[in-house]
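Notes to accompany the following structure.
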Amino acid sequence: MDSYKLLKGSEVSRPIHQKIVERSNWLQERGWTPKLASLEIGNNPAAAMYIRNQKRVAAKMGIEFENREFKHDISNREMLAAIQAMNADPRITGIILQRPVPPHIDLQTIQGAISPQKDVEGMHPANIGKVVYDDFVLGPCTSLASVEMLKATGLELRGLEVVIVGHSEIVGKPIALHLMADLATVTICHHGTRNLSSHTRRADAIFVAVGKAGLITGDMVKPGAAVIDIGINQIEVTDENGEKKMKTVGDVDFDSVRDVAGWITPVPGGVGPMTLTMLMNNTVAAVEQQKKSYERMINA
Ligand code: NAP
-9 MDSYKLLKGS EVSRPIHQKI VERSNWLQER GWTPKLASLE IGNNPAAAMY IRNQKRVAAK
51 MGIEFENREF KHDISNREML AAIQAMNADP RITGIILQRP VPPHIDLQTI QGAISPQKDV
111 EGMHPANIGK VVYDDFVLGP CTSLASVEML KATGLELRGL EVVIVGHSEI VGKPIALHLM
171 ADLATVTICH HGTRNLSSHT RRADAIFVAV GKAGLITGDM VKPGAAVIDI GINQIEVTDE
231 NGEKKMKTVG DVDFDSVRDV AGWITPVPGG VGPMTLTMLM NNTVAAVEQQ KKSYERMINA
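The letter at position 125 of the sequence shown is residue 115 when you use our numbering, and the numbering goes up by one with no holes.
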């Protein structure tokens, strides 16, 4: 019999949803309507799916959502101009750049042009910098979502042995910073790590954000550990009729890890829905911050 507990994003995020709706309503009653502007460059099926989900969840939370489509060959200069116009538009309170973007787009520059006050993905260097100081309003959504999934286990973070696999600026590194703020003992593994399993096997909690299906197998996990799978991969599988089809999986080999783990997040349905919740949480937090800045300015 499986001993693991499945951590579903929809269930873990339910109590957070309610609070976001309450804060969003409170702001609207005072004339501060949260409005999330989405930037879509070219047509990409993955981006289209994210946009549909964001639109649906935003509507449930009283957040206005507007997707702006840009042609696939738009120049970086034109994109920068569009973002500057949105930064200056007081009706737009949050901006999200949908990925993937066409290869000629300079993602770092375009993303960095979004005003830190409207950067609801929490990816602007100014917002990441505040995470380092553990004094942030808009943190990176995926790292916040992943940490919320771990908190849902009820494990005491102080002194917890945590191993993070993957050290990207928007996922792995900020997860480490959030957990260190809660006094967990954190090890970060990456491409250069020798003997990955020697680290994962001693961890009370493992976060995996690499983008490599099947990277973490049951023999790499300590019995009873919490396994938070952030990876999203498309793999080809053969269905019962012998037909080939694409399937979404994480970085964790679910079938072998669930026999060992105490908790595990599924893919899809784990960190993904919680990331969406964190995006909406940031969208409301951005308006709260903008309202405070405005009030400070008029009272100065
Ligand atoms: P990324 O920028 O490509 O980073 C991948 C990280 O994995 C890098 O730090 C890389 O290290 C490390 N790595 C590569 N091969 C490794 C190996 N064999 N062993 C250990 N580490 C290795 O990707 P990302 O943006 O962080 O995203 C990671 C995954 O999470 C992707 O599958 C992405 O689709 C998914 N994701 C999910 C969500 C969600 O909401 N669920 C959100 C964002 C991303 P080096 O740099 O040293 O090579």
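Virtual Cβ for every residue (Gly too), placed ideally from N, Cα, C.
Here the structure is a predicted model, which is why all the values come from computation and not from measurement.
At a cut-off of 6 Å, would you count residue i as near the ligand ATP, judging by its Cβ distance to the nearest heavy atom?
{"i": "Ala199", "result": "Among the ligands in the structure shown, the ligand ATP does not appear; only the ligand NAP can be found there."}
For residue i and residue j, I'd like the C-alpha separation in whole angstroms.
{"i": "Pro35", "j": "Thr99", "result": "24 Å"}
{"i": "Gln279", "j": "Ile254", "result": "34 Å"}
{"i": "Pro130", "j": "His94", "result": "24 Å"}
{"i": "Lys(-2)", "j": "Pro258", "result": "9 Å"}
{"i": "Pro263", "j": "Ser0", "result": "6 Å"}
{"i": "Phe244", "j": "Pro256", "result": "8 Å"}
{"i": "Met(-9)", "j": "Gly214", "result": "Residue confidence for Met(-9) is low, a pLDDT of 45 falling below 50, so the modelled location carries little weight and cannot support an answer."}
{"i": "Ala14", "j": "Lys108", "result": "The sequence shown places Ser at residue 14, not Ala. Spanning the two alpha carbons is a distance of roughly 16 Å."}
{"i": "Gly306", "j": "Glu54", "result": "Residue 306 falls outside the range modelled here, since the chain spans only -9 to 290, and no answer is possible."}
{"i": "Gly29", "j": "Pro164", "result": "It should be noted that the sequence gives Leu, not Gly, for residue 29. Those two C-alpha atoms are separated by around 24 Å."}
{"i": "Gly274", "j": "Met287", "result": "In the sequence on display, residue 274 carries Val and not Gly. If you take the alpha carbons of Val274 and Met287, they lie about 20 Å apart."}
{"i": "Ser65", "j": "Ala71", "result": "10 Å"}
{"i": "Ala37", "j": "Gln224", "result": "15 Å"}
{"i": "Gly260", "j": "Asn289", "result": "44 Å"}
{"i": "Leu17", "j": "Lys281", "result": "9 Å"}
{"i": "Met39", "j": "Lys234", "result": "22 Å"}
{"i": "Ile206", "j": "Val227", "result": "19 Å"}
{"i": "Gln101", "j": "Asn272", "result": "16 Å"}
{"i": "Ile31", "j": "Phe60", "result": "5 Å"}
{"i": "Thr265", "j": "Leu134", "result": "8 Å"}
{"i": "Val77", "j": "Lys212", "result": "In the sequence on display, residue 77 carries Asn and not Val. Straight-line Cα distance between these residues: approximately 47 Å."}
{"i": "Val2", "j": "Gly162", "result": "21 Å"}
{"i": "Lys50", "j": "Glu19", "result": "17 Å"}
{"i": "Val242", "j": "Tyr284", "result": "46 Å"}
{"i": "Ser105", "j": "Phe126", "result": "15 Å"}
{"i": "Asn231", "j": "Gly201", "result": "28 Å"}
{"i": "Leu169", "j": "Gly112", "result": "17 Å"}
{"i": "Ile222", "j": "Asp79", "result": "34 Å"}
{"i": "Asn33", "j": "Glu151", "result": "42 Å"}
With a threshold of 7 Å on Cβ separation, who are the neighbours of residue i within its own chain once the five nearest residues in sequence on each side are excluded?
{"i": "Val153", "result": "Thr177, Cys179, His189, Thr190, Ala193 and Ile196"}
{"i": "Leu97", "result": "Val91"}
{"i": "Leu(-4)", "result": "Ile254 and Pro256"}
{"i": "Gly52", "result": "Val11, Ser14, Asn15 and Gln18"}
{"i": "Asp229", "result": "Lys235"}
{"i": "Lys120", "result": "Phe126"}
Below 8 Å on the Cβ atoms is my guess for residue i versus residue j; work out the distance and round it to an integer in Å.
{"i": "Ala276", "j": "Leu87", "result": "That pair is no contact at about 15 Å."}
{"i": "His62", "j": "Pro90", "result": "About 11 Å separates the two Cβ atoms, so there is no contact after all."}
{"i": "Ala48", "j": "Met270", "result": "6 Å"}
{"i": "Ala27", "j": "Arg67", "result": "Going by Cβ atoms, the distance from Ala27 to Arg67 rounds to 19 Å, so no, they are not a contact pair."}
{"i": "Ala203", "j": "Gly156", "result": "Rounded, the Cβ-Cβ distance is 14 Å, inconsistent with contact."}
{"i": "Thr175", "j": "Gly144", "result": "That belief does not hold up - the Cβ atoms of Thr175 and Gly144 are roughly 18 Å apart, past 8 Å."}
{"i": "Ile160", "j": "Thr132", "result": "7 Å"}
{"i": "Val110", "j": "Leu167", "result": "Rounded, the Cβ-Cβ distance is 19 Å, inconsistent with contact."}
Given residue i, which residues of its chain have a CB within under 6 Å of its CB, disregarding the five upstream and five downstream residues?
{"i": "Asp124", "result": "Ala171"}
{"i": "Gly291", "result": "This structure gives no information on residue 291, because the portion of the chain shown stretches from -9 to 290."}
{"i": "Leu186", "result": "Cys179"}
{"i": "Glu56", "result": "Ala27"}
{"i": "Met69", "result": "Ile100"}
Leaving out the 5 sequence neighbours to the left and right, which residues in its chain are closer than 8 Å to residue i when beta-carbon positions are compared?
{"i": "Leu173", "result": "Leu147, Arg148 and Gly149"}
{"i": "Gln74", "result": "Ala103"}
{"i": "Ser158", "result": "Ala199"}
{"i": "His181", "result": "none"}
Does the beta carbon of residue i sit closer than 7 Å to a beta carbon anywhere in chain B?
{"i": "Pro90", "result": "In summary, chain B is missing from the structure at hand, where a single protein chain is found."}
The region 20 to 37 / the region 77 to 88 touching (three or more Cβ pairs under 8 Å): With the cut-off at 8 Å, the region 20 to 37 and the region 77 to 88 touch.
Validate contact between the region 105 to 121 and the region 234 to 241 using beta carbons, cut 8 Å, 3 pairs: Contact between the region 105 to 121 and the region 234 to 241 is not established, with fewer than three Cβ pairs separated by less than 8 Å.
Cβ contact (3+ pairs, closer than 8 Å) linking the region 0 to 10 and the region 36 to 44: The region 0 to 10 vs the region 36 to 44: no contact.
Sufficient close CB pairs (3 or more, under 8 Å) joining the region 204 to 221 to the region 136 to 146: Between the region 204 to 221 and the region 136 to 146, the count of Cβ pairs shorter than 8 Å is three or higher; the stretches touch.
Residue ranges of each beta strand (DSSP E) within the region 152 to 195, 3 or longer: Those beta strand (DSSP E) runs which fall completely within the region 152 to 195 and span 3+ residues are 175 to 179.
Alpha helix (DSSP H) runs contained entirely in the region 108 to 155, provided each spans 4 or more residues: Whole alpha helix (DSSP H) segments, 4+ residues: 115 to 122 and 131 to 141.
Start-end ranges of the beta strand (DSSP E) lying completely within the region 14 to 67, minimum 3 residues: Within the region 14 to 67, the complete beta strand (DSSP E) runs of at least 3 residues are 25 to 31 and 54 to 60.
Sequence ranges, beta strand (DSSP E) only - wholly within the region 222 to 267, length at least 3: If you keep only unbroken beta strand (DSSP E) runs of at least 3 residues inside the region 222 to 267, you get 223 to 228 and 234 to 239.
Completely contained beta strand (DSSP E) runs for the region 69 to 107, where each covers 3 or more residues: The beta strand (DSSP E) runs of length 3 or more contained entirely in the region 69 to 107 are, from start to end of the chain, 84 to 87.
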